Amino acid sequence: MNICRVHHVAIICSNYEVSKDFYTRILGFKATNEVYRKERDSYKLDLCVGEEYQIELFSFPSPPERPSFPEAAGLRHLAFAVTNIEEAVKHLRQCGVKTESIRIDEITEKKFVFFQDPDGLPLELYEV
Numbered sequence: 000m001n002i003c004r005v006h007h008v009a010i011i012c013s014n015y016e017v018s019k020d021f022y023t024r025i026l027g028f029k030a031t032n033e034v035y036r037k038e039r040d041s042y043k044l045d046l047c048v049g050e051e052y053q054i055e056l057f058s059f060p061s062p063p064e065r066p067s068f069p070e071a072a073g074l075r076h077l078a079f080a081v082t083n084i085e086e087a088v089k090h091l092r093q094c095g096v097k098t099e100s101i102r103i104d105e106i107t108e109k110k111f112v113f114f115q116d117p118d119g120l121p122l123e124l125y126e127v
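Here numbering that gives the first Met the number 0 is used: position 76 in the sequence shown is 75, and no number is missing along the way.
#1: Could you tell me whether the stretch 7-16 touches the stretch 53-68, where touching means 3 or more Cβ pairs closer than 8 angstroms?
#2: On the DSSP letters alone, give me the boundaries of the beta strand (DSSP E) that residue 45 sits inside.
#3: Kindly give me the distance between the Cβ atoms of residue 113 and residue 99, rounded to whole angstroms, as I take these residues to be in contact under 8 angstroms.
#4: Helix, strand or coil: which one does DSSP assign to residue 6?
#5: Which of the three DSSP states is assigned to residue 109 in this structure?
#6: Rounded to the nearest angstrom, what separates residue 118 and residue 43 at their Cα positions?
#7: Tell me whether residue 103 sits in a helix, a strand or coil according to DSSP, three-state version.
#8: So if DSSP puts residue 121 in a beta bridge, which residue, or which two residues, is it bridged to?
#9: Are there 16 or more other CB atoms within 10 angstroms of the CB of residue 22, so buried, or fewer, so exposed?
#10: To which residues of the same chain is residue 183 closer than 8 angstroms at the C-beta, ignoring the five residues directly before and after it?
#11: Assign residue 34 to one of two classes, buried (16 or more other C-beta atoms within 10 Å of its C-beta) or exposed (fewer than that).
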């Protein structure tokens, strides 16, 4: 087997419109395809992250809540690379998104910060 890269990440949200706004307007991801699946009462939104990666945003009626924060079985957090973390944090805060304090990775000495999406999914910005 030769896995060459991550193709996409799928996220289930509890409020489709709120999450769609968060990922498109606040984080700036481009919506490339949106489908409503009537038989599932569910939306699927494909979001372009840069040139290589994609997030699939799904809505389902009454999805289960995350059992604990931030550690839970499965995905711990999702990290996005940014070139200027101070500007990115300023933008998030201006949009009403709470962030933790910027920290320094003790191994790489790079800056990073954590915040959450509308459903409490832990997200990270990592300065490259």
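We treat Cβ as the ideally placed atom computed from N, Cα and C, and that holds for glycine.
From a predicted model like this one, the values you see are computed outputs, not experimental measurements.
Reading it off the structure:
#1: yes
#2: 41-48
#3: 5 angstroms
#4: coil
#5: coil
#6: 16 angstroms
#7: strand
#8: BP columns for residue 121 point to 115.
#9: buried
#10: The first residue shown for the chain is 0 and the last is 127, placing residue 183 beyond what the model contains.
#11: exposed
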